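Student: Numbering (our numbering), first residue to last: 236 to 530. The C-beta atom is built at its ideal place from N, Cα and C for all residues, glycine as well. If you're wondering where the values come from, they're calculated on a predicted model, not measured in any experiment.
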Amino acid sequence: MIAKIVRRGEDAATNTRDACATLNRLLLIGQVVVALNVCSTLAAKAAEPSLKFAGVPFSPGSTVRADVPLSAQEKSYAGQGGNPVPQSAVAVLATPANFDPRKSWPVLVPCSTSDFKRQNRDDLVQFYQRVGLAEGWVLLAGDGPQHARNDTAAWRLAMTLAAIDALHHSFAGSEKWPTACAGFSGGAKGAGSIAPVLARNPCRITGLYLTGVNQDYLSPGYARAQPGADFLSTPIYVSIGHDDRIATLEQQYNVVGSIKRTGFNRVRIGTFRGGHEVNDAQTSIALKWFRSLQK
236 MIAKIVRRGE DAATNTRDAC ATLNRLLLIG QVVVALNVCS TLAAKAAEPS
286 LKFAGVPFSP GSTVRADVPL SAQEKSYAGQ GGNPVPQSAV AVLATPANFD
336 PRKSWPVLVP CSTSDFKRQN RDDLVQFYQR VGLAEGWVLL AGDGPQHARN
386 DTAAWRLAMT LAAIDALHHS FAGSEKWPTA CAGFSGGAKG AGSIAPVLAR
436 NPCRITGLYL TGVNQDYLSP GYARAQPGAD FLSTPIYVSI GHDDRIATLE
486 QQYNVVGSIK RTGFNRVRIG TFRGGHEVND AQTSIALKWF RSLQK
């Protein structure tokens, strides 16, 4: 048997080393815990919506709804036709997944028909959202808090202006973003009525996308609002279904002729095999054309 000789003080030194090692391990564990907590906090903050539209938090790639105030001018529009005047409108904003308000974004403003009590936001979701987001557009719609007693063009104008005001107040510089109006059937008439007014408020109107339109509301809208001769150079894309029985080929080509006689000089016609409907391929072509002219 071999006996180990332990010198005086060796036990104390060993105990000291063990204590230091234990302390170091505890300090290391503490540092790891702190680091994990910091990372967790940062991750949680990163996951929180960092943007707000009219005070409502949202994340890029989502659709947000907010109550927005009506200005005195917007209330005067809303009250036309004997409508009770609400204090606010409902604005809906849809953004692409890479939305960054520090950059400039094209904005598509849908106008719906008043038939069947449709709201502008209904057309935003049903007709334009999928293609619009894929093409890199922001989509914005404004509606009343309830259906209007008389759903006039002035009522639609009031709610759309309130939504646009909310956009401009939410994102600095957005008043310079290029904006196009889109409308299908009765909504195409509405877009023709309100686009000239939007151009005066001010709003940078850089396109009109009209589908299934059987009457020219743009020419009288231009005459009433008088947004200036430059507005006659606004790109206008008219999408026509070959089998449309509600807005026939003859009617739609007559609308195009009327618009051109008024002096609009950038009118393009697109046709597709289909009836009275919004065609996704036509929407994509129109939005691409508008963006190409914005550069």
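#1: Return the chain-ordered list of same chain residues with a C-beta closer than 8 Å to the C-beta of L258, the five sequence neighbours on each side being excluded.
#2: Tell me the rounded alpha-carbon separation between G546 and D478.
#3: Is Y444 helix, strand or coil by DSSP?
#4: Grouping DSSP H, G and I as helix and E and B as strand, with all else coil, what is L305?
#5: Of all the CB atoms in chain C, is at least one closer than 9 Å to the CB of Q315?
#6: If distances are taken between C-alpha atoms only, which option among P437, G408, N355 comes closest to P462?
#7: Considering only C-alpha positions, which residue in the set D357, G418, G316, K424 is nearest to D386?
#8: Under 9 Å between the Cβ atoms of S339 and K424?
#9: Would you kindly work out how many angstroms separate the C-alpha atoms of A434 and Q529, rounded to a whole number?
#10: Write down the C-beta distance between L467 and N500 rounded to the nearest angstrom, noting that I regard them as a contact closer than 8 Å.
#11: Would you decide whether F351 is buried or exposed? Buried here means 16 or more other CB atoms lie within 10 Å of its CB.
#12: Please report the residue range of the alpha helix (DSSP H) in which S294 lies.
#13: CA-CA distance, R526 and Q381?
#14: Keeping to the same chain, check which residues put their C-beta closer than 7 Å to that of S454; ignore five residues upstream and five downstream.
#15: How about D378 and V327: do their beta carbons lie closer than 9 Å?
#16: Considering only DSSP beta bridges, list what G316 is partnered with.
#17: Please tell me whether A313 and P321 are closer than 9 Å, where the distance is taken between their beta carbons.
#18: If you run the structure through DSSP and keep just helix, strand and coil, what is Y488?
#19: Would DSSP call K287 helix, strand or coil?
#20: Ignoring anything shorter than 4 residues, give me the alpha helix (DSSP H) runs that lie fully in the segment 367–428, in order along the chain.
Tutor: Answer, in terms of the structure:
#1: Confidence in L258 is poor, its pLDDT being 48 and thus under 50, which makes the residue's placement unreliable; the coordinate value appears in the next sentence. Excluding positions up to five away in sequence, the list is empty.
#2: With the chain covering only 236 through 530, there is no way to say anything about residue 546.
#3: In the structure shown, Y444 sits in a strand (DSSP, three-state: E or B).
#4: Three-state result, L305: coil.
#5: Any reference to chain C falls outside this structure, which holds one protein chain only.
#6: When only C-alpha atoms are compared, the closest one is P437.
#7: Answer by Cα proximity: G316.
#8: Not in contact: S339 and K424 (Cβ atoms no closer than 9 Å).
#9: So the alpha carbons of these two residues sit roughly 16 Å apart.
#10: Confirmed, Cβ separation roughly 6 Å.
#11: With a 10 Å radius around the Cβ and a threshold of 16 neighbouring Cβ atoms, F351 comes out exposed.
#12: Bounds of any alpha helix (DSSP H) do not take in S294, whose DSSP letter is neither H nor E.
#13: Straight-line Cα distance between these residues: approximately 34 Å.
#14: Apart from the 5 residues on each side of it in sequence, S454 sits with its Cβ closer than 7 Å to the Cβ of S493, I494, T497 in its chain, given in chain order.
#15: Taking the C-beta atoms as reference points, V327 is found nearer than 9 Å to D378.
#16: DSSP, once it has assigned bridges, lists no residue as partnering G316.
#17: The answer is yes: Cβ separation under 9 Å.
#18: Helix.
#19: Looking at K287 - three-state DSSP - the assignment turns out to be strand.
#20: Within the segment 367–428, the complete alpha helix (DSSP H) runs of at least 4 residues are 388–405.
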